[in-house]
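From first to last, the protein sequence lines are chains R and D.
Residue numbers for the first sequence follow our numbering, so the first one is 441 and each next one is one higher.
Residue numbers for the second sequence follow our numbering, so the first one is 7 and each next one is one higher.
Everything on this sheet refers to the single structure shown next.
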Amino acid sequence: MLSLVLIFIASLFFTGIVIRTKSLASGRKGPGVMQPLYDVVRLFRKGSVYSPTTTVIFQVAPTVYFASVVMAILLLPMGQMPGVLSFDGDFIFFAYILALGKFFNIIAALDTGSSFQGMGASREALFSMFAEPAFFILMGSMALLTGHTSFHDIFAELHLGSTINYALAGLASFVLVMIAMIENSRMPIDDPKTHLELTMVHEVMILDNSGFDLGLITAAGYLKFAMYGTLIVNLFVGSTDPQYAIPLFFAIQALMAVSVGLIESFMARFRMSHNAQFIVALSSVALLIFFGVLLVLNKLV
Amino acid sequence: MTLITAILLVTLLTSLLIGRVKTDRKMWFALAGIGINAVATTLPALQALGGIPTEAMLGGNHITGPIPIRIDGLSAWFMLTIHLISLTGVLYGISYLKGYRATSGKTTLHACALVVLHASLTLLCAVQNSLIFLILWEMMAISAFILVIFENEKMATLKAGINYLIQSHISIVFLMTAFIWIAVQTGSYDFKAMGSYLTDKHPLTCYLLLMMLLVGFAFKAGFVPFHTWLPLAHPAAPAHVSGIMSGLIVKIGIFGILRMGLLLPAGHLPVGQTILMLSLATGIYGILNATVHRDYKRMLAYCTIDNIGIIGIGIGIGFIGLGIQSPTVCYLGFGGALLHVLNHAIFKSLLFMAAGNIYQQTHTLNMEHLGGLFRRMPQTGFIFLAGALAIGGIPPFSGFISEFCIYSGILEGFDHGNIALLSSYILAFGGLSLIGGLSVMTFTKSFGIIFLGTPRRALPHPVEESPLMMRVPLYILAAAMGLMMVFPHRLMELTGDITCALLPSHLPSIDMGAHQQTFIHIAWASAAFILTGIVVWQLRRVITTRHPSKQSPTWGCAYTAPTSKCQYTGKSFAKPLAKHFNLILREHKRFRPLAEGERYPQESRHYMSHYSDAVQERVITPLNKRLLYAANYIKFIQNGKVQWYVLYGLLFIVLIVGIGWWQSLTTLFHEIITNHP
Chain R
441 MLSLVLIFIA
451 SLFFTGIVIR
461 TKSLASGRKG
471 PGVMQPLYDV
481 VRLFRKGSVY
491 SPTTTVIFQV
501 APTVYFASVV
511 MAILLLPMGQ
521 MPGVLSFDGD
531 FIFFAYILAL
541 GKFFNIIAAL
551 DTGSSFQGMG
561 ASREALFSMF
571 AEPAFFILMG
581 SMALLTGHTS
591 FHDIFAELHL
601 GSTINYALAG
611 LASFVLVMIA
621 MIENSRMPID
631 DPKTHLELTM
641 VHEVMILDNS
651 GFDLGLITAA
661 GYLKFAMYGT
671 LIVNLFVGST
681 DPQYAIPLFF
691 AIQALMAVSV
701 GLIESFMARF
711 RMSHNAQFIV
721 ALSSVALLIF
731 FGVLLVLNKL
741 V
Chain D
7 MTLITAILLV
17 TLLTSLLIGR
27 VKTDRKMWFA
37 LAGIGINAVA
47 TTLPALQALG
57 GIPTEAMLGG
67 NHITGPIPIR
77 IDGLSAWFML
87 TIHLISLTGV
97 LYGISYLKGY
107 RATSGKTTLH
117 ACALVVLHAS
127 LTLLCAVQNS
137 LIFLILWEMM
147 AISAFILVIF
157 ENEKMATLKA
167 GINYLIQSHI
177 SIVFLMTAFI
187 WIAVQTGSYD
197 FKAMGSYLTD
207 KHPLTCYLLL
217 MMLLVGFAFK
227 AGFVPFHTWL
237 PLAHPAAPAH
247 VSGIMSGLIV
257 KIGIFGILRM
267 GLLLPAGHLP
277 VGQTILMLSL
287 ATGIYGILNA
297 TVHRDYKRML
307 AYCTIDNIGI
317 IGIGIGIGFI
327 GLGIQSPTVC
337 YLGFGGALLH
347 VLNHAIFKSL
357 LFMAAGNIYQ
367 QTHTLNMEHL
377 GGLFRRMPQT
387 GFIFLAGALA
397 IGGIPPFSGF
407 ISEFCIYSGI
417 LEGFDHGNIA
427 LLSSYILAFG
437 GLSLIGGLSV
447 MTFTKSFGII
457 FLGTPRRALP
467 HPVEESPLMM
477 RVPLYILAAA
487 MGLMMVFPHR
497 LMELTGDITC
507 ALLPSHLPSI
517 DMGAHQQTFI
527 HIAWASAAFI
537 LTGIVVWQLR
547 RVITTRHPSK
557 QSPTWGCAYT
567 APTSKCQYTG
577 KSFAKPLAKH
587 FNLILREHKR
597 FRPLAEGERY
607 PQESRHYMSH
617 YSDAVQERVI
627 TPLNKRLLYA
637 ANYIKFIQNG
647 KVQWYVLYGL
657 LFIVLIVGIG
667 WWQSLTTLFH
677 EIITNHP
């Protein structure tokens, strides 16, 4: 329950910090940290425009997407406290329920009969498909390391003592940050600020959404960032007491937001055709973690 | 005993009756015949699931030896799946065939073949005599062949059918060799003979024998590279036949692997690893091909190959569990495989029937010609969507449960094993997730292109929702799917019992309580998700009613005259993927390149492209060419003249006499030498 509340609070600031970092890095003052939140509230208050081509799928999709993200968050633990729902193998459910949201987003894009939206949908499907094995290999390695299979047990068991464990946690954070970037369609995979539909990924997929639905999709994006941030937090705070874990939670989330902002400021996005290579490389980093785990467990002989 | 006679009698009687009645009643009679057979075998099957297997010994004759009939949990599981899919399939077929206005003779043959197919499939699960098994196997293959070539006026259908028939027989050759091997060594055709024969043999012998059986069954099950008949036969067959083939005939190969593999007394580990790697390749190869094809029935056929891969991963994990003596891994691996067998049988035949509904309304199998069907046939659309989500293994739909079970099996295996084993686990883990991601891509593409957007082409007649009789079987299957979603732990209990009964007795018994608890949690998590969705939806309804909502054409990025041809196509949706996997996904393009200096083409230009099966193109076809080349040299033997064949017979007798003469001669010499040194 704690994690749910904390993630909701963190998601309020996360994107704001990213945007603020970006504007500071480029020498502008930039909007306030709460601006993304105001944007969503404004969207919630607006009316909607629907294309006559669309069916009920288009209307349901943002709701399913948002609900899938909330459901995924319900599974996440926070330090010693388990998530609202916690069972063996819950990280598999986590990945698959997120896939459900993605599924609906993609078919909603195809529902508009647009010549652009399918393009974004195709790219988003491809990139997240490539990212899937990285997440599974990472979590599989963690399960192997700890001998447990639920988020809570894995993270509670994860004692960072030796150097190699820190190296593994570092690599895992890298993989998780990159998965977060892919799943949220940020740099270097996708540029949310791009102005040409032909080069967009996520933005072109939701081109026809408006009003409340667009607000839901945007809010789900904020939540997703905080969600992946929480996974990273959990890598480090596993056995820390709550009074330290909670400040640490916000510190790490803020650090992640700043680093996302810095990545976006100082990196150009990849060429579309290079994205796949990059994402596959992520799976090999995850395999590196797997071999690291074998090393820790003395099985690498 | 009486049961088998009854089934054979009912099959014979129904076939005779079908020939007598009016054309439009033939399929109803087939349904009745299958229904009687199904009801007759359901009782022993349910008993077997409850833990009381039926065992009987038929007398047989001096060639076959005694014929053991055993209905245990495994048989019962497959039998009940067969009944469900056959009954709904034939029920669907009744109205599907009306669209063809086929002649009386053709319908008779089709209806009889359906009854025979069902009877042979059912008996295959019960009979444990390898000779009778092969005969039933042949009956199944031939009746399925007749079913596939229903539209025999089309050349492509006949070709696909013959391709299937030939590959079926290659499969039989492998099975026959293995069965004869055992029979020669033990003098018995009973399945159990294999176990007793192999108990004190070298592990390599066990491995080789099982591999021979595996290849035979793999042809039927559609493991890569033995899958090439599937993507041809499934689109060629009528919808309900595709459903039955994909749901049942392919599964009987899986049944064979399980039935024979579990008799193996030792050497499970290499078998498990072989099956695991083969299945991983099958799964990824199948789903990659499914993503790019525009023929939606071929897409479903490739998707079947992918699901066979998933089932195979489960079986592989189960065998590894046997090898490392971990009953929990066995239970999760085999249990997941069994669950996925049922799951896939249900949602694949559901999808094939939904595809049949689409085909009968639009008369095209090319999804690029379709679009916007969701408005015209919403019920079929919703059911297709449910099937698509289930097949992608996405919660809260039923496919997730079996995939989750297999994932858990892999995770459970982490506790044991060396680096090689652990690496294969992690490979299977990543591979399974890749398959999941790809199937999301495949089914978003198929559903989106077929059902959403606007119609891409003018169709022969206006599309409307299919008649009620073609929706009822879909609803029955959808309800079955729903039941599986609500009671996953009950199913796990069942498959657990089945698996435990099959495992060797020296393994420690397992506590399945923890895993059942997990499945109850999953059901709750799914319920929580649905609840969250409803809450968000209600919120949305309350808030959006306060604000204006208007209609306006899809935003075309300031282009104001879009046509339906501007829509994104399935081809372009899958193109980025196909480019990355061009080693497997071979694209063939045909177009006239622009001549030098030709800036404005004078004549109209055509562009054609299609994907071919890499295994067929790179392996099977070259191999066939070589074979034909070699066969050319001995073609003279088969010259079609009767007198020559008589001569061959004569030569054969001479040969036999010669061998006998030589043997007696050598014995004579031997005696002379030993007696008179």
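Cβ coordinates follow ideal geometry from the N, Cα and C atoms, glycine included.
Note that the structure is a prediction, hence the values are computed from the model and not measured.
Next on the checklist: For residue 725 of chain R and residue 577 of chain R, what's the separation of their Cα atoms in angstroms?
Outcome noted: 10 Å
Checklist entry - Are the C-beta of residue 537 of chain R and some C-beta of chain D separated by less than 8 Å? => result yes
Checklist entry - Quick one, which of D:504, D:155, D:298 and D:219 has its alpha-carbon nearest residue 183 of chain D's? => result D:219
Next on the checklist: In whole angstroms, give me the CA-to-CA distance for residue 488 of chain D and residue 404 of chain D.
Outcome noted: 7 Å
Item to check | Paired residues, beta bridge with residue 62 of chain D - DSSP | outcome: D:75
Checklist entry - By how many angstroms is the C-alpha of residue 331 of chain D removed from the C-alpha of residue 661 of chain D? => result 52 Å
Item to check | When R:641, R:621 and R:645 are compared against residue 702 of chain R, the one with the closest alpha-carbon | outcome: R:621
Checklist entry - Considering only residues of the same chain and omitting the five flanking positions on each side of residue 200 of chain D, which have a CB-CB separation below 6 Å? => result 188 and 269
Checklist entry - Between the C-alpha atoms of residue 10 of chain D and residue 681 of chain D, what's the straight-line distance to the nearest angstrom? => result 58 Å
Checklist entry - Alpha carbon to alpha carbon, how far is residue 29 of chain D from residue 35 of chain D? => result 10 Å
Checklist entry - Are the region 528–545 of chain D and the region 299–316 of chain D touching, with three or more C-beta to C-beta distances below 8 Å? => result no
Checklist entry - Leaving out the 5 sequence neighbours to the left and right, which residues in its chain are closer than 8 Å to residue 310 of chain D when beta-carbon positions are compared? => result 228, 236, 240, 252, 256, 292, 350 and 354
Checklist entry - Is residue 494 of chain D closer than 8 Å to residue 540 of chain R when the C-beta atoms are compared? => result no
Checklist entry - Closest to residue 501 of chain R by CA distance: which of R:511, R:627, R:662 and R:654 is it? => result R:654
Checklist entry - Does residue 353 of chain D get closer than 8 Å to chain R when you measure Cβ to Cβ? => result no
Checklist entry - Any idea what DSSP makes of residue 638 of chain D, helix, strand or coil? => result helix
Checklist entry - Comparing the C-beta of residue 589 of chain R with each C-beta of chain D, is any distance below 8 Å? => result yes
Checklist entry - Out of curiosity, what's the CA-to-CA distance linking residue 746 of chain R and residue 538 of chain D? => result Residue 746 of chain R falls outside the range modelled here, since chain R spans only 441 to 741, and no answer is possible.
Checklist entry - Quick one: what's got a C-beta closer than 8 Å to residue 384 of chain D's C-beta in the same chain, skipping five residues either side? => result 471
Checklist entry - Beta carbon of residue 243 of chain D, beta carbon of residue 156 of chain D: below 8 Å? => result yes
Checklist entry - Using DSSP with H/G/I as helix, E/B as strand and the rest coil, what is residue 133 of chain D? => result strand
Next on the checklist: For residue 451 of chain R and residue 662 of chain R, what's the separation of their Cα atoms in angstroms?
Outcome noted: 5 Å
Checklist entry - Got a sec: is the Cβ-Cβ distance from residue 685 of chain D to anything in chain R below 8 Å? => result Summary: the structure shown does not reach residue 685 of chain D, with chain D confined to residues 7 through 683, and so no result is reported for it.
Item to check | Beta carbon proximity, residue 454 of chain R to chain D, threshold 8 Å | outcome: no
Next on the checklist: Only counting the same chain, and skipping five residues up and downstream in sequence, which positions put a Cβ closer than 6 Å to that of residue 399 of chain D?
Outcome noted: 405, 406, 409 and 442
Checklist entry - In chain R, which residues lie less than 9 Å from residue 494 of chain D when you measure between Cβ atoms? => result Ordered by position in chain R, no residue passes the 9 Å Cβ test against residue 494 of chain D, which lies about 12 Å from the chain.
Checklist entry - Can you name, in chain order, every residue of its own chain whose Cβ lies under 8 Å from the Cβ of residue 495 of chain R, other than the five neighbours on each side? => result 551
Checklist entry - Going along chain R, which residues have a C-beta under 7 Å from residue 572 of chain D? => result 555
Item to check | Where residue 623 of chain R falls: helix, strand or coil (DSSP) | outcome: helix
Checklist entry - In chain D, which residues lie with their C-beta within 9 Å of the C-beta of residue 528 of chain R? => result 414, 417, 520, 521, 523, 524 and 527
Checklist entry - Using DSSP with H/G/I as helix, E/B as strand and the rest coil, what is residue 685 of chain D? => result Outside the modelled stretch of chain D, which goes from 7 to 683, sits residue 685 of chain D, for which no answer is possible.
Item to check | Residues of its chain near residue 483 of chain R, where Cβ-Cβ distance is below 6 Å and the 5 sequence neighbours each way are ignored | outcome: 654 and 655
Next on the checklist: Rounded to whole angstroms, what is the Cα-Cα separation between residue 491 of chain D and residue 392 of chain D?
Outcome noted: 12 Å
Checklist entry - Which residues share a DSSP beta bridge with residue 595 of chain D? => result D:615
Next on the checklist: Rounding to the nearest angstrom, what Cα-Cα distance links residue 148 of chain D and residue 171 of chain D in this structure?
Outcome noted: 7 Å
Item to check | Status (buried if at least 16 other CB within 10 Å, exposed otherwise) for residue 134 of chain D | outcome: buried
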